Structure formats: C-alpha cells, structure tokens
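Protein sequence lines, in the order shown, are assigned to chains A and B.
Residue 158 in the working numbering sits at position 158 of the first sequence, and the numbers go up by one each step.
Take the position in the second sequence, starting the count at 1, then add 1000; the result is the number in the working numbering.
Below is one structure, written out as structure tokens; comments come after it.
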Amino acid sequence: MKLLEQAPLSAKFGMAIIVVYVIAAVFAPILAPYPQRAIVGSQFEAISAAHWLGTDHLGRDMLSRLIYAARNTVGIAVAATALTFLFGCMLGFLAATIGGWGDQLLSRAADTILAIPTLIFALMLLTVFGTALPVLVLVIGFLESPKVFRIARSSAMNVVVMDFVEAARLRGEGVGWIMRRELLPNVMAPLVAEFGLRFCFVFLMISALSFLGLGIQPPLADWGAMVRETAQLISFGVPTPLIPAFAIALLTIAVNFVVDWFLYKQSGLKEERA
Amino acid sequence: MARIAVLIAQRLGLGVLILFAVSLIIMFVVELLPGDTCQELMGQGATPQTLQACRAALGLDDPMHERYLSWLGGMLTGDMGISLANQRPIDELVIRRILNTFFLAGIAAAIAVPLSLMLGILAAMYRNSIFDRIVNVSTLTSISFPEFFVAYILIFIFAVELGMFPSVSNVHADMAFQERLYRSLLPALSLTLVITAHMMRMTRATIVNLMASPYIEMARLKGIRGMRIITYHALPNAFAPIINVITLNLAYLIVGVVVVEVVFVYPGLGQLLVDAVSNRDMPLVQAGALMFAAVYVLLNLFADIVSIISNPRLLHPR
C-alpha cells in the first residue's frame, strides 16, 4: 500500500483508468443501458437523454456498445497476450535449458517469424484461416510469441548457468521442473513488465485488425470495428468515431504509464548510482 | 577491412536466406486453403472438365516444389500472375501502388527524422527538466495511440473544422507534384506523429547512455560547454546507433502505412493488400505480402550493415 502512495501521478492515473476498464468489462450487462446487439433507435441518432452517445449505423446504442466492447476487446487482448506468453516463455525456457541444436532451431525459427511484419502476416493468416475468435487469438499468440521468446530466453540464459540450476540437474530433476521451479521464479520481474508492454501491442494490433475488418466480427461490439462503422460521420463534423478510438488510446496510455513506473522502479537504483 | 567485408557478406547471405524462408512461408500458408485458384476463379458453376482444363493451363497439377519455383521466378522477374478479382496482371497494380506508398513514407520520414533527432537530443541535454518530462509523457502518449485515432483526429481538425486539407487523399499518376504533396500531407503527418515518438525516445536513450561514458565526463571536467560536448564528443559516436534507430523506424513506417492508407483511402500498397484480403484474392495477397516483407527485411538488413560499417572497432582492428 505504501508503494502505491509513492507512485508518481502518471502511474496512479494509469492504475485508476485500468480499474475503471476492468469494472466496465466485468459489470457490462449491469452498466450498459441496452444490450449490445439490440437495435434501439434509427441510424446515427444524435446525442440525447435516451442515447448519451447517440446511435451507430444500425441504430444501436453507442454507449452500451462502448461498455460491452471493454469486455470483448480487452478480454480477447488479454487472452491473446496470455497465449503469447504461454508459447513464448515455454519455448524460451526450453531453449535456454536444453541449449545446443534445439536452442539453435528454436531461435532461428523465431528470427524468421520476426522478419515478416506482424500486421502483414496476420492479414494473410486471417484470410486463410478465417476470422473466428479462437483463430484470431491463436494467430496473434503465434505471431507475437517470438518477441516474448527472445526475452524469456535471454533472461533465462543468465539464470541457467547458476549453481542452483546445476544442483537441480545433478539431483536428476527433469527439464519441466527446472523450467517451472528454478527458472520461472527468477525471471518474473522482467517478464511482468514485458507482459504489460506486450498487452499494449496485442491490443493495438487487434484494434487495427478490427478496424480493417479482419478482427473481432460484428455483431460483437469492438472498439476498432466501431471506429470503422461510424467513420463516415467524421466528414460531417461529428466526432463519434473518435470516442471508441479514444477508449483504445486511453487504456494503452494507462498500461504504458504503469509499466513505465514499474521499469523505472527496477532500474531506479542503478540510475541513481550512475 | 577484410573483416568488415566478411561480416557484411554474412549479413547479406543471411538476408537472402530469410527472404527465401519468408517466400516459402507465404507460399505454404496459401496451400493450406481449401480449394485452389481455379475453383475461386470459376465459382460454383465449374464442371470437372473446365476445372481440369484451367488447372492444366495454370500449371496447378505440377508438384508443389515446381509450382513454388515458378512462382518465385515470376516474382523475381516481375511476372506476378493475374489478380483473381479483376483479371489484371498483378505486377502492374503492385508497382504503381508501391511507388505511391514510398512517396507517402518518404514525406513522413522527411518530416519525422529531423524533428525526432532534434527533440531527442534536446531532451537528453536537459534531462529530468520540465521540457524532458513533457516530451517524455507526450511521446509515451502518442505511442499508445492507434494509428487510426491520430489520423481521424487530424481529419477532424484540419479537414473538417478548418477545411485546410482534403480528408480523402486520392492521388493519381498524372498529378502535379505540389498537388500530390498537398493531398498526401495529412496521411504523412499522421505517420509522422506515430514514428516521431519512437525515434525520439530511442535517440534520447542513446544519447543519455553515451553521456554517462567516461570520456564525456572527462570533457565535462575539462570545462567544455554543454553544446560543444554534444556536437563534438557525443554526436560522432552516436551516429551509428542513431542511423540504426532511423532505419528500424522506417521499417516500422512501411507497415504502419497500411492503416493510415485505409483511413485516407490513399491508393498505396497497403490499401491494395487490404482490398485483396477482403476479396480473398490470394495471388494478389501473396504478392503484396511478399513486397511488404521484402522491403521490411531489406531495411532491417540495411540497419545491420550500417551498424557494422560505422563501428570504429571493426574499422580499425588492433
């Protein structure tokens, strides 16, 4: 608790925003005035007492969709990031633990995937495999995992040469045990910060894909898709498409602020001495 | 020098290998699709006989490695096949579009590079000052913005409210340079805002790192002024990492361009790729993806080579 009080203003602001988003996601059905798929008015209604943010191109309530999207977009981004970490950490630790040819093979495979721009690769894979939600999560998990792999591998490399790992090996522990019980607890700190950053990238990528029409599909509410659906309004001087875009930006900023503070705290001592 | 030549040759070899692997992946992924080009072309009404004839004509019955080789050969010689959606040769479409994309990315880079270098150096010089804090928070904020958010804000302010720029950048080949520039400025500006933040933060980090090194401390102890330390002592050593930063961000720019092109309906390669994806026009998707990947790989390769060349430890081996 004391730690939280010491946090700079930007980090406190970030944490507050994240809490608001989590509440919106969890209690969406209670908070939202209308269901996300219900057509409750005419097309593109202006802001009114019944529709605080107006209605979209099919006459659905914007505010309700904005709240439900917190659940859909953020939920899927968290799932994809978690999958990214599951792939990336497991393979990264594995590469560090077994070394030799296995390590070479995994590292070169990761390099190859990293050599293709992620968004382009994602567009191609989603064209081939379709845009069902599990496919979306899998594709993003697959494409982002090499970045986590590199970090997991390089941090695990430093630990793998320690005496206690050697001791565990001599005790006859298996690769799984070493990865889970010896490596994981010792590389948690950099991985937590990486999780925050990776979440931002994944979240922005899902939004970009949805904006391009290949991410989360209608009728599910999603911020990127909402921008796309209401985009024509902007040329009439109505700022509606900016609202879901702002929702995306705000969450990413909040997470970035918190991660920045976390990284600063980790490196803070070193910088002081220098 | 010999060592550098060997290192560069190794990098080039690796680059070719990666491009080869990328082309293999792009080809293989599409092979996983159910059905083939002929079924897509003829749709539901195709009889087995016409399908057979079409496959024979396009060479789809050949074994996979032969088809891969002829596809790759076509890509290298500029014969990229025919678009399924409008039956036009792909190379015509792709080459015109990619020039437009380079034009857009070029303007963005011309604005972003000097701007971010200046901001980065200033922020590093006045580290922990109010200026540094403001730049830090505002760049962190703009990194967090999705590209389309930046783009729509710019449209809202400059195209709709002020009416200074068009909100749709429909450039075409026979347009005067000034007109073209004018129409591309808003998308270029959105791209600039996105990459300036990255570049500026990396420049700042590089300079801050350098400023902590002993020879800078020595210069400071000799009583040299701040600006002179930066220009005479820090910058020459910062060139290599800074060029690296610029090239990496140009690679990022080439990809960031996709979303911005779609927002502004700019006729670039990104827009073409997205259209091809929504039409499920696989040959065009393959060609577009390969183009993007090739530019991306080449820029990264260039960054690698520049950092090898500009490393004085390699230039003057002991």
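Just so it is clear, CB atoms sit at the ideal spot from N, CA and C, and this is done for glycine as well.
None of the values given here were measured: they were computed from a predicted structure.
Task: Within 8 Å, strictly: CB atoms of Ile-76 (chain A) and Ile-243 (chain A) - done: Going by C-beta atoms, Ile-76 (chain A) is not nearer than 8 Å to Ile-243 (chain A).
Task: Nearest-angstrom Cα separation, counted from Leu-1221 (chain B) out to Tyr-971 (chain B) - done: Since the first residue shown for chain B is 1001 and the last is 1318, residue 971 (chain B) is missing from the structure and cannot be characterised.
TODO: Could you list which residues in chain A have their beta carbon closer than 7 Å to that of Phe-1292 (chain B), in chain order?
DONE: Pro-117 and Ile-120
TODO: Note down the Cα distance separating Ala-1238 (chain B) from Gly-196 (chain A), rounded to an integer number of angstroms.
DONE: Straight-line spacing of the CA atoms in Ala-1238 (chain B) and Gly-196 (chain A) works out to 30 Å.
Open item on the list: If the cut-off is 7 Å on Cβ atoms, which residues from the region 121-134 of chain A count as contacting chain B, listed in chain order?
Closed with: Leu-123, Met-124, Leu-125, Thr-127 and Val-128
Task: Between the CA atoms of Val-192 (chain A) and Ala-1151 (chain B) - distance to the nearest angstrom - done: Cα to Cα, Ala-1151 (chain B) sits roughly 32 Å from Val-192 (chain A).
Open item on the list: Going residue by residue through the region 193-242 of chain A, where are the continuous alpha helix (DSSP H) segments of at least 4 residues, counting only ones entirely within it?
Closed with: 223-230
Task: Reduced DSSP secondary structure (H/G/I, E/B, other) of Arg-171 (chain A) - done: helix
TODO: Report the option in A:Ala-122, A:Met-188, A:Asp-56 and A:Gln-217 whose CA atom is closest to the CA atom of Leu-133 (chain A).
DONE: A:Gln-217
Open item on the list: Closest to Asp-1304 (chain B) by C-alpha separation, out of B:Gln-1286, B:Leu-1248, B:Ser-1023 and B:Val-1255, would be which residue?
Closed with: B:Leu-1248
Task: Proximal residues of chain B, C-beta to C-beta of Phe-275 (chain A) below 8 Å - done: Any answer about residue 275 (chain A) is impossible in this case: the structure gives chain A only from 1 up to 274.
TODO: Tell whether a beta-carbon distance below 8 Å holds between Ala-208 (chain A) and Glu-1261 (chain B).
DONE: no
TODO: Using alpha carbons as the reference points, say which of B:Phe-1145, B:Ala-1005 and B:Ile-1090 lies closest to Pro-1283 (chain B).
DONE: B:Ile-1090
Open item on the list: In whole angstroms, give me the CA-to-CA distance for Thr-127 (chain A) and Ser-1142 (chain B).
Closed with: Annotation: Thr-127 (chain A) to Ser-1142 (chain B) spans about 30 Å, alpha carbon to alpha carbon.
Task: Spatial distance of Phe-1158 (chain B) from Gly-59 (chain A) (CA atoms) - done: 29 Å
- [ ] Check the Cβ-Cβ distances between Ser-1144 (chain B) and every residue of chain A, and say whether any is below 8 Å.
- [x] Output row for Ser-1144 (chain B): interface = yes.
Open item on the list: Check whether chain B comes within 8 Å of Cys-200 (chain A), counting only Cβ atoms and requiring the distance to be less than that.
Closed with: yes
Task: Which residues DSSP lists as bridging Asp-56 (chain A), in chain order - done: Paired residue(s): none; Asp-56 (chain A) is not in a bridge.
Task: Anticipated Cβ contact below 8 Å, Pro-33 (chain A) with Ser-10 (chain A), distance rounded - done: The pair is not a contact, with the Cβ atoms about 32 Å apart (cut-off 8 Å).
Task: Pick from B:Val-1274, B:Ile-1107 and B:Ala-1289 that is closest to Ser-210 (chain A), judged by C-alpha positions - done: B:Val-1274
Task: Exposed unless 16 or more other CB atoms sit within 10 angstroms - verdict on Glu-271 (chain A) - done: Note on Glu-271 (chain A): pLDDT 43, under 50, position unreliable in the model; the coordinate value appears next. When all chains shown are included, Glu-271 (chain A) counts as exposed.
Open item on the list: What are the residues in the region 1269-1284 of chain B lying within 8 Å of chain A by C-beta distance?
Closed with: Leu-1273, Val-1274, Val-1277, Ser-1278, Arg-1280 and Met-1282
Open item on the list: Quick check on His-1336 (chain B): buried or exposed, where buried means 16 or more other Cβ atoms within 10 Å of its Cβ?
Closed with: Here chain B covers residues 1001 to 1318 and nothing more, so residue 1336 (chain B) does not appear.
Open item on the list: Check for me: the alpha helix (DSSP H) holding Asn-1100 (chain B) runs from which residue to which?
Closed with: Looking at the DSSP string, the run of the alpha helix (DSSP H) that includes Asn-1100 (chain B) is 1090-1125.
TODO: Using a Cβ-Cβ cut-off of less than 8 Å, list which residues of the region 156-173 of chain A approach chain B; keep chain order.
DONE: none
- [ ] For Met-1064 (chain B), count neighbouring C-beta atoms within 10 Å of its own C-beta (all shown protein chains included) and say buried if the count is 16 or more, exposed if not.
- [x] exposed
Task: chain B within 8 Å of Thr-252 (chain A), Cβ atoms only - done: yes
- [ ] Could you confirm whether any beta carbon from chain A is found closer than 8 Å to the beta carbon of Ser-1167 (chain B)?
- [x] It does; some Cβ of chain A falls within 8 Å.
Open item on the list: Please classify Tyr-21 (chain A) as buried or exposed, where buried requires at least 16 neighbouring CB atoms within 10 angstroms.
Closed with: With 16 or more Cβ atoms within 10 Å of its Cβ, Tyr-21 (chain A) is classed as buried.
Task: Burial state of Ala-1056 (chain B), where buried means 16 or more other Cβ atoms lie within 10 Å - done: exposed
- [ ] Return helix, strand or coil for Asp-163 (chain A), following the three-state DSSP convention.
- [x] For Asp-163 (chain A), the secondary structure class from DSSP, reduced to helix, strand or coil, is helix.
TODO: Note down, in chain order, every chain A residue with its Cβ under 7 Å from the Cβ of Phe-1156 (chain B).
DONE: Neighbours of Phe-1156 (chain B) across chain A, judged by C-beta separation under 7 Å: Ile-234, Pro-239 and Leu-242.
Open item on the list: Would Gly-141 (chain A) pass as an interface residue toward chain B - the criterion being a Cβ-Cβ separation below 8 Å?
Closed with: It does not: the Cβ of Gly-141 (chain A) has no partner Cβ on chain B nearer than 8 Å.
Open item on the list: According to DSSP, is Asp-1079 (chain B) part of a helix, a strand, or is it coil?
Closed with: Three-state DSSP puts Asp-1079 (chain B) in coil, outside helix and strand.
TODO: Find out if the Cβ-Cβ distance for the pair Val-161 (chain A), Glu-182 (chain A) is shorter than 8 Å.
DONE: no
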